[in-house]
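Student: Residue numbers for the sequence shown follow the working numbering, beginning at 907 and rising by one.
Every residue gets a Cβ at the ideal spot worked out from N, C-alpha and C, and that includes glycine.
Sharing a structure, written as structure tokens. Questions coming.
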Amino acid sequence: MSKATKRKHVTKEVLEEYVLPQKDQQIVKVVAGRGNNLHEVETPHGEQFLVSMPTKFRKNVWIKRGDFVLIEPIEEGDKVKAEIQAILFKDQIKYIKDERLWPPEFDEQEKNKDDFIPSELLPPSDDDSENELNPEITVNLNRMNLNHEDSEEETTEEEDEEEDLPES
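If you want it as structure tokens, here you go:
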């Protein structure tokens, strides 16, 4: 099977297969990628450990921090305790919730999670309406600020040079 065909089948399997966790499988949340196809995950009870990505997913499917995966424990692992069986996307998560097999601890974490920066980390502000009207606050700080202001000295030097040029 060619690489393109394999990628097509793996992608189709990941996106279209709706799996439910079996007795020895569990749903976990990806906390961080640890390199070399290893990912650190967190169980609904807060336990963290490493899981490996099987070869069929490698270089075909990517997962990121915050994604949910279905794992199956492996016996031979000391540090790596499980292997990823399925990567769960929005529709698959909804299906598992409809079947009432979704860990309720993950729902509570999502409700408690705040997508905004905590107010104690924000700089103090006197008036919020003033911030909306001030365009300097929304400046992209990742760009260098280049001021192209012409001073009077530069313009007079340029004018002097133009006057010195002979007319043809």
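From the DSSP output, in three-state form, read off residue 945 for me.
Tutor: Position 39 of the sequence shown, counting from 1, holds the residue named residue 945. DSSP places residue 945 in strand when its eight states are reduced to three.
Student: With a threshold of 6 Å on Cβ separation, who are the neighbours of residue 1041 within its own chain once the five nearest residues in sequence on each side are excluded?
Tutor: By one-based count along the sequence shown, residue 1041 stands at place 135. With a pLDDT of 49 at residue 1041, under the threshold of 50, the predicted position of this residue should be treated as unreliable, and no value is reported.
Student: When the Cβ atoms of the stretch 995-1009 are set against those of the stretch 978-985, are three or more pairs found closer than 8 Å?
Tutor: In short, these stretches do not touch, since the Cβ pair count stays below three.
Student: The beta strand (DSSP E) that contains residue 987, what's its start and end?
Tutor: Residue 987 sits at position 81 when you count from the first residue of the sequence shown. Counting along the chain, the beta strand (DSSP E) containing residue 987 begins and ends at 986-994.
Student: Taking only three categories from DSSP, how would you classify residue 917?
Tutor: To locate residue 917, count along the sequence shown from 1; it is residue 11. Of the three classes helix, strand and coil, the one that applies to residue 917 here is helix, per DSSP.
Student: Checking the sheet assignment: what are the DSSP bridge partners for residue 939?
Tutor: Within the sequence shown, the letter at position 33 stands for residue 939. 945.
Student: With DSSP as the reference, label residue 932 as helix, strand or coil.
Tutor: Taking the first residue of the sequence shown as 1, we reach residue 932 at position 26. Strand.
Student: Given a cut-off of 8 Å, decide if residue 957 and residue 986 are closer than it, judged by their beta-carbon atoms.
Tutor: Here residue 986 refers to the residue found at position 80 of the sequence shown. Here residue 957 refers to the residue found at position 51 of the sequence shown. Yes, they are a contact pair.
Student: Measuring only the C-alpha atoms, how far is residue 927 from residue 933?
Tutor: Stepping through the sequence shown from its first residue, residue 927 is reached at position 21. Stepping through the sequence shown from its first residue, residue 933 is reached at position 27. Going from the Cα of residue 927 to the Cα of residue 933 covers about 7 Å.
Student: Taking 8 Å as the limit between beta carbons, can you name the residues of its chain near residue 970, skipping five residues before and five after?
Tutor: By 1-based counting over the sequence shown, the position of residue 970 is 64. These residues qualify, in order along the chain: 936, 939.
Student: Would you mind sorting residue 954 into buried or exposed? The rule is 16 or more other CB atoms within 10 Å of its CB.
Tutor: Locating residue 954 in the sequence shown gives position 48, where the first residue counts as 1. Classification of residue 954: exposed, given that the 10 Å Cβ count is below 16.
Student: In three-state terms, what does DSSP make of residue 955?
Tutor: By one-based count along the sequence shown, residue 955 stands at place 49. Strand.
Student: Looking at residue 1002 and residue 991, is the spacing between their C-beta atoms short of 8 Å?
Tutor: The count along the sequence shown starts at 1 and reaches residue 991 at position 85. The count along the sequence shown starts at 1 and reaches residue 1002 at position 96. The answer is no: Cβ separation not under 8 Å.
Student: Looking only at its chain, what residues have a beta carbon closer than 6 Å to the beta carbon of residue 923, apart from the 5 residues adjacent to it on each side?
Tutor: Numbered from 1 along the sequence shown, position 17 holds the residue referred to as residue 923. Around residue 923: no qualifying Cβ.
Student: Flag this pair as yes or no: are the beta carbons of residue 975 and residue 994 separated by less than 8 Å?
Tutor: Within the sequence shown, residue 975 is the residue found at index 69, counting from 1. Within the sequence shown, residue 994 is the residue found at index 88, counting from 1. Taking 8 Å as the Cβ cut-off, residue 975 and residue 994 qualify as a contacting pair.
Student: Looking at residue 950 and residue 1011, is the spacing between their C-beta atoms short of 8 Å?
Tutor: In the sequence shown, residue 1011 corresponds to position 105, counting from 1. In the sequence shown, residue 950 corresponds to position 44, counting from 1. For residue 1011 and residue 950, yes; Cβs fall inside 8 Å.
Student: Need the endpoints of the beta strand (DSSP E) that residue 1052 sits in, please.
Tutor: Here residue 1052 refers to the residue found at position 146 of the sequence shown. Here residue 1052 belongs to no beta strand (DSSP E), and DSSP marks it neither H nor E.
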